[in-house]
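Participant: Mind looking over this structure? Questions follow.
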Amino acid sequence: MNRVTDDPSNDFFFEAYDRENIAYGLQPSPELAAYLKQTAALRSPSAARPKALDLGAGAGRDTLALAAAGYDVTSVDVSERGLDRIRERAEQANLSERIRTVVRDVRELDIEPASYSAVIATTVLDHIPASDAPAVWKKMCDALTTHGMLYTQVHTTEDPGSDQSPGRESDQPISETADAVINYFRPNQLVGWACHTDSRLRVLRYEERLEWDTTHGAPHQHGKAVLLAVHQGFHPDWFGQPAAFPRSDNS
Ligand SMILES: C[S@@+](CC[C@H](N)C(=O)[O-])C[C@H]1O[C@@H](n2cnc3c(N)ncnc32)[C@H](O)[C@@H]1O
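Counting in the numbering used here, the final residue of the sequence shown is number 519, and the numbers go up one at a time with none missing.
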């Protein structure tokens, strides 16, 4: 694969999304899935559908989960092949009318402030230069409604693909798409952004971890920072992921 460049027409992920076994699979991010499940009761079937924005949506595993949970989703990516696969999967799941795909570099996207109930960025802030990521983050935070949720994942310097310690000293296998990650986040960096007063967020969950990825290529390890937050002042029912002290009918 070619290294990602500033040219959005360079579809680094074409082959990964063109495969029969589409890269990253169909399972949504577990923290996002738990949030959607636990807050399902907030979404009245008679009310207008809430809006979600999936940045760097790829082949749509999070987009599809949001649409199935009742959101109208705008899925943004530079990979036309990824967005093709989203439309294909949406049609198969009978969710096409809830999903709009937009081929765009997230840095170039205009996002209307206070207009989305969910903003998702599962490993895209780390695919753009470090100097550009704060501006995209600001747009993401500003996009949230007062009852909005923000979910973000980034690769960290713990990742074996990182050129910084401790990842670079790791002898664990590296992802086939590691060249696309150009901005590995430092310890506490993402949560630092989330806790900044300008972000106007309340953190529900933050974790830095190592994980194994078997959804594409040879099994490999990742260093990840995972953040789930809501707009400050918003207090949806949330019992953790996995739910720490669930009722037996709310696991
Ligand atoms: C590792 S994949 C993750 C895909 C998806 N979020 C998931 O978790 O399955 C990263 C995605 O970010 C997209 N991407 C990278 N840089 C981007 C940019 N500047 N604007 C929009 N999308 C971008 C890539 O095309 C790719 O689909």
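Think of the CB as a built atom: it goes at the ideal place given N, C-alpha and C, for glycine as much as any other residue.
With respect to the beta strand (DSSP E) encompassing D340, which residues constitute its N-terminal and C-terminal limits?
Facilitator: Element bounds for D340: 340-345.
Participant: Can you check the stretch 299-331 for any alpha helix (DSSP H) of at least 4 residues that lies completely inside it and give the ranges in chain order?
Facilitator: If we require 4 residues or more, the stretch 299-331 turns out to have no alpha helix (DSSP H) run fully inside it.
Participant: Give a single yes or no on whether R550 has its beta carbon closer than 7 Å to a heavy atom of ligand 1.
Facilitator: Here the chain comprises residues numbered 269 to 519, so residue 550 is not present and cannot be evaluated.
Participant: Can you tell me the Cα-Cα spacing of G521 and P510, whole angstroms?
Facilitator: For residue 521 there is no data in the structure shown, the boundaries of the chain being 269 and 519.
Participant: Which residues does DSSP pair with H499 in a beta bridge?
Facilitator: BP columns for H499 point to L469.
Participant: Provide the residue span of the beta strand (DSSP E) that contains I290, from first to last.
Facilitator: No beta strand (DSSP E) holds I290; DSSP gives it neither H nor E.
Participant: My output table needs one value for V374: the three-state DSSP class, helix, strand or coil.
Facilitator: Three-state DSSP puts V374 in a helix.
Participant: Closest to A398 by CA distance: which of R436, L363, N451 is it?
Facilitator: Looking at the Cα atoms, N451 is the closest of the given residues.
Participant: Spell out the partners DSSP gives I450 in its beta bridges.
Facilitator: DSSP, once it has assigned bridges, lists no residue as partnering I450.
Participant: Based on the DSSP output, what are the partners of A386 in its beta bridges?
Facilitator: Beta-bridge pairing links A386 to A320, M417.
Participant: Identify whether Q457 lies in helix, strand or coil by the three-state DSSP scheme.
Facilitator: Residue state, collapsed to three classes: helix.
Participant: For S314, count neighbouring Cβ atoms within 10 angstroms of its own Cβ and tell me buried if that reaches 16, exposed if not.
Facilitator: Result: exposed.
Participant: Are at least three pairs of beta-carbons, each pair with one atom in the stretch 373-389 and one in the stretch 459-478, less than 8 Å apart?
Facilitator: As far as the Cβ criterion goes, the stretch 373-389 does not touch the stretch 459-478, which means the pair count is below three.
Participant: In three-state DSSP terms, what is Q360?
Facilitator: Three-state DSSP puts Q360 in a helix.
Participant: Given a threshold of 16 other Cβ atoms within 10 Å of its Cβ, counted over all protein chains shown, does H484 qualify as buried or as exposed?
Facilitator: Looking at its Cβ environment, which holds 16 or more other Cβ atoms inside 10 Å, H484 is buried.
Participant: Under a Cβ-count criterion, where at least 16 other Cβ atoms within 10 Å of its own Cβ denotes burial, should R271 be classed as buried or exposed?
Facilitator: Bear in mind that the predicted position of R271 carries a pLDDT of just 39, short of 50, making it too unreliable to give a figure here.
Participant: In angstroms, rounded to a whole number, what distance separates the CA positions of I354 and A308?
Facilitator: Whole-angstrom Cα-Cα distance: 23 Å.
Participant: To the nearest angstrom, report how far apart E426 and L363 are at their CA atoms.
Facilitator: Whole-angstrom Cα-Cα distance: 37 Å.
Participant: Determine the extent of the alpha helix (DSSP H) in which V392 is found, giving its start and end residues.
Facilitator: Taken as a continuous stretch (DSSP letters only), V392 belongs to no alpha helix (DSSP H), as it is neither H nor E.
Participant: Who are A493's beta bridge partners in DSSP?
Facilitator: Paired residue(s): V422, E476.
Participant: With a CB to CB cut of under 7 Å and the five nearest residues on each side skipped, what residues in its chain are close to I442?
Facilitator: Cβ within range, chain order: P428, G429, H488.
Participant: Count Cβ pairs between the stretch 297-308 and the stretch 406-420 that sit closer than 8 Å; are there 3 or more?
Facilitator: Touching, yes, given that three or more Cβ pairs across the two stretches are closer than 8 Å.
Participant: Since D410 is in the alpha helix (DSSP H), which residue starts that stretch and which ends it?
Facilitator: It spans 401-411 - the alpha helix (DSSP H) in which D410 sits, taken as one unbroken run.
Participant: Using 8 Å as the threshold, is the C-beta distance between L472 and A389 below it?
Facilitator: No, the pair does not count as a contact, with Cβ atoms beyond the cut-off.
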